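Asker: I'd like to ask you about the structure that follows.
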Amino acid sequence: MLGLYPEIEPYDHGMLPVGDGNVIYWEECGNPAGKPVAFLHGGPGGGASARHRRLFDPERYRILLFDQRGCGRSTPHGSTAEADLSVNTTWHLVADMELLREDRGIDRWQLFGGSWGSVLALAYAEQYPHRVSELVLRGVATLRVKEIQWLFGGGAACLFPEAWSRFLAPVPYARRSDNLLEVYHELLHHPDPEVHGPAAIAWSRWEGETVKFTPQEEVVSAFTEPEFALAIARIENHYFRHGGWLAEDQLIREAGKLAGIPCVLVQGRYDVVTPATTAWELAQVLPGAELKMISDAGHAFDEPRTLHELISTTDRFAAGWEEHEIDEPRGNTRMLYGDEHVRRYEETDGEVGHEWQPGVPTLVLTTKGRKSGEDRKFALIYQEVDGNPVIVASKRGAPNHPGWYLNLEANPEARVQVLADKFTARARTVSGEERARLWEKLAAVWPDYNEYAKKTDREIPVVVLERV
């Protein structure tokens, strides 16, 4: 069973003004040259934590976490009078993400979001599909009326009656059959702390008591910390009253925009906060989505089998990206990348994926992992010279060689697929005049190789895959 990676500290952090008086906190961890991933926390209003950094391999990922408007270390905090919730909506957060992406110099990023974070990930991805490399969604939600009513209209109360009675406690008895979102809105914004304080704790406690397959006291305690509770209660109530500023079924109806983006949905079958029906329905319309239904899990990301699937997925996506040599697309935002490229190439014998863009052919290289001993597959740009494919280990000019090249150094024998032609090859790194001649041929196909060479002090290897 896979678990969290070891604790790490950020190598960079800061505060980004995003407008309307809001400043959001961000931090980066892991490998500055690694695969970019943005962690989208739940709530809305929950904030990111140090544990969330540990969902990603720090050697292979450039991990970006941030606190959304009004929560965590962002300012003004939702628990204060200065917080203006009228400028805290789904579309404000989508714009904040795009501003953050540009500020951090990221072209495309993986989005990892659970619960509310899955809503935000879908909203952003449907707005900016060309900026998203993969989607990893857990505890999937789309903020449809039936989802909100399940949690705050009495559906989930059938499973947690004791917790529901505590949620109802601040509500006047005569109003318990009213729209509870509206009643709570009044309570949470009452000027008297003796009114809004207990209401916030009751609201947040309801989530804390239902988030785990088996409720845990330390989780409930964290959710009932007064400042945290007031921020998350006010922000969640604000979003849920307005349906996230989404048209009914919008995120599901527009899922077709995500065609070509690999997506994994990890869903606890006994998730009370975001019931499994949403993940199932989304998987039916989201092109190429993988649904991982966890038979013994609730809503939380760190329940054992849920966590295993999440870590397995992020590891797999890192392996599919880390070492493949295809770089930023020029004029086509629907190209395949990483594992998805390899899968489609193999399924179609290169009919899909061989010509990655006009005049840029690719092959599939299968190496033996130098540490794992397992097969590792990569889609790489190539040119055929004297009957043998030639590839370049550029890694976009990073200071270290790509993993596939290190695999070949440890074991030069590999398998190669060019269209339907599959064969065994032995890798040979060239030098001198031969290297210069072959480099010129490859750079004619992918001119960026010349730019990568200027960025690094290493001599970028040129490799001939000689048929055995």
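When the letters of the sequence shown are read in order and numbered with my numbering, they come out as residues 982 to 1449. Virtual Cβ for every residue (Gly too), placed ideally from N, Cα, C. Model, not experiment: these values are computed from the prediction.
Going by CA-CA distance only, name the one from ALA1076, LEU1400, ALA1391 and LEU1103 that's closest to TRP1337.
Answerer: Taking only the C-alpha atoms, the option nearest TRP1337 is LEU1400.
Asker: Going by beta-carbon coordinates alone, are ALA1300 and ASP1320 separated by less than 9 Å?
Answerer: In this structure, ASP1320 lies closer than 9 Å to ALA1300 by Cβ.
Asker: Can you give the beta carbon distance from PHE1221 to PHE1133, rounded, assuming they're within the 8 Å contact cut?
Answerer: That belief holds up - the Cβ atoms of PHE1221 and PHE1133 are roughly 7 Å apart, short of 8 Å.
Asker: Rounded to the nearest angstrom, what separates ARG1186 and LEU1169 at their Cα positions?
Answerer: Cα to Cα, the separation comes out at about 14 Å.
Asker: Going by beta carbon distance, what residues of the same chain come within less than 7 Å of GLU1229, once the five residues before and after it are set aside?
Answerer: Correct list, in chain order: ARG1125 and VAL1126.
Asker: With DSSP as the reference, please indicate the residues paired to PHE1404 in a beta bridge.
Answerer: Note: PHE1404 sits in a beta bridge opposite VAL1397.
Asker: Whole-angstrom Cβ separation of LEU1021 and ALA1106, contact assumed at under 8 Å?
Answerer: Rounded, the Cβ-Cβ distance is 11 Å, inconsistent with contact.
Asker: Throw me the rounded Cβ distance for the CYS1188 and PRO1196 pair, which I believe falls under 8 Å.
Answerer: Reading off the sequence shown, one finds Glu at residue 1188, where the question assumed Cys. Not a contact, Cβ separation roughly 11 Å.
Asker: Mind checking VAL1100: buried by the 16 CB within 10 Å criterion, or exposed?
Answerer: So VAL1100 counts as buried.
Asker: GLY1002: buried (16+ other C-beta within 10 angstroms of its C-beta) or exposed?
Answerer: Counting Cβ neighbours within 10 Å, GLY1002 comes out exposed, since fewer than 16 surround it.
Asker: Just the Cα atoms here: how many angstroms apart are ASP1296 and GLY1086?
Answerer: For ASP1296 and GLY1086, the distance between alpha carbons rounds to 23 Å.
Asker: Assign ALA1150 to one of two classes, buried (16 or more other C-beta atoms within 10 Å of its C-beta) or exposed (fewer than that).
Answerer: Exposed, since its Cβ has fewer than 16 Cβ neighbours within 10 Å.
Asker: Could you tell me which uninterrupted alpha helix (DSSP H) segments, each at least 4 residues in length, are contained entirely in the segment 1322-1393, listed from first to last along the chain?
Answerer: Complete alpha helix (DSSP H) runs here, min 4: 1384-1391.
Asker: Tell me the residue span of the alpha helix (DSSP H) that contains TYR1105.
Answerer: TYR1105 -> alpha helix (DSSP H) spans 1097-1108.
Asker: Less than 9 Å separating the beta-carbons of GLY1028 and PHE1209?
Answerer: Cβ atoms of GLY1028 and PHE1209: closer than 9 Å.
Asker: Let me know if THR1329 comes out buried or exposed under the rule of 16 or more other beta-carbons within 10 Å of its beta-carbon.
Answerer: That one is exposed.
Asker: Report yes if the CB atom of LEU1227 is closer than 9 Å to the CB atom of VAL1121, and no otherwise.
Answerer: Their beta carbons are not under 9 Å apart, which means LEU1227 does not touch VAL1121 by this criterion.
Asker: Can you check the segment 1107-1184 for any beta strand (DSSP E) of at least 3 residues that lies completely inside it and give the ranges in chain order?
Answerer: The qualifying runs are 1113-1119.
Asker: Name the DSSP beta bridge partners of HIS994, please?
Answerer: BP columns for HIS994 point to GLU1008.
Asker: Please specify which runs of the alpha helix (DSSP H), each continuous and at least 4 residues long, are wholly inside the segment 1220-1250, giving them in chain order.
Answerer: The segment 1220-1250 contains these whole alpha helix (DSSP H) runs: 1231-1234.
Asker: Provide the residue span of the beta strand (DSSP E) that contains ARG1448, from first to last.
Answerer: Here the beta strand (DSSP E) through ARG1448 covers 1443-1448.
Asker: Keeping to the same chain, check which residues put their C-beta closer than 7 Å to that of PRO991; ignore five residues upstream and five downstream.
Answerer: GLU1008, GLU1009 and CYS1010.
Asker: In chain order, what residues of the same chain lie with their CB nearer than 6 Å to the CB of VAL1164, ignoring the 5 residues before and after it?
Answerer: Taken in chain order, the residues that qualify are VAL1152 and ARG1156.
Asker: For the candidate residues GLY1225, GLY1023, LEU1346 and GLU1083, whose alpha-carbon lies nearest to that of LYS1403?
Answerer: The candidate whose alpha carbon is nearest that of LYS1403 is LEU1346.
Asker: Taking buried to mean at least 16 other C-beta atoms within 10 Å of its own C-beta, is HIS1280 buried or exposed?
Answerer: It counts as buried.
Asker: In angstroms with no decimal places, state the Cα-to-Cα distance between GLN1108 and TYR1154.
Answerer: Spanning the two alpha carbons is a distance of roughly 43 Å.
Asker: Rounded to whole angstroms, how far is the Cβ of TYR1006 from the Cβ of PHE1047, which I believe are closer than 8 Å?
Answerer: Yes, TYR1006 and PHE1047 are in contact; Cβ-Cβ is about 6 Å, under 8 Å.
Asker: Mapping the DSSP letters down to three states, classify ILE1275 as helix, strand or coil.
Answerer: Three-state result, ILE1275: strand.
Asker: Closer than 8 Å is the cut-off here; do at least three beta carbon pairs connect the segment 1354-1361 with the segment 1405-1418?
Answerer: Result no; under three Cβ-Cβ pairs closer than 8 Å.
Asker: Which of the three DSSP states is assigned to THR1056 in this structure?
Answerer: Strand, per DSSP.
Asker: Less than 8 Å between the CB atoms is what I'm expecting for HIS1177 and LEU1211, so what's the real figure, rounded?
Answerer: Sure, about 7 Å apart at Cβ, within 8 Å.
Asker: Closest by CA to GLY1015, which one among LEU985, ARG1448 and PRO1383?
Answerer: Nearest C-alpha to GLY1015: PRO1383.
Asker: Applying the criterion that 16 or more other CB atoms from any shown protein chain within 10 Å of the CB defines a buried residue, is ARG1439 buried or exposed?
Answerer: Exposed, because fewer than 16 other Cβ atoms sit within 10 Å of the Cβ of ARG1439.
Asker: For ALA1076, report the span of its beta strand (DSSP E) as first-last.
Answerer: Per DSSP, ALA1076 belongs to no beta strand (DSSP E); it is in the alpha helix (DSSP H), 1071-1084.
Asker: Going along the chain, which residues of its own chain have a beta-carbon closer than 6 Å to the beta-carbon of PHE1148, five neighbours each way excluded?
Answerer: The answer, listed in chain order, is ALA1183 and TRP1187.
Asker: In terms of residues, what are the limits of the beta strand (DSSP E) holding LEU1046?
Answerer: Taken as a continuous stretch (DSSP letters only), the beta strand (DSSP E) holding LEU1046 covers 1042-1047.
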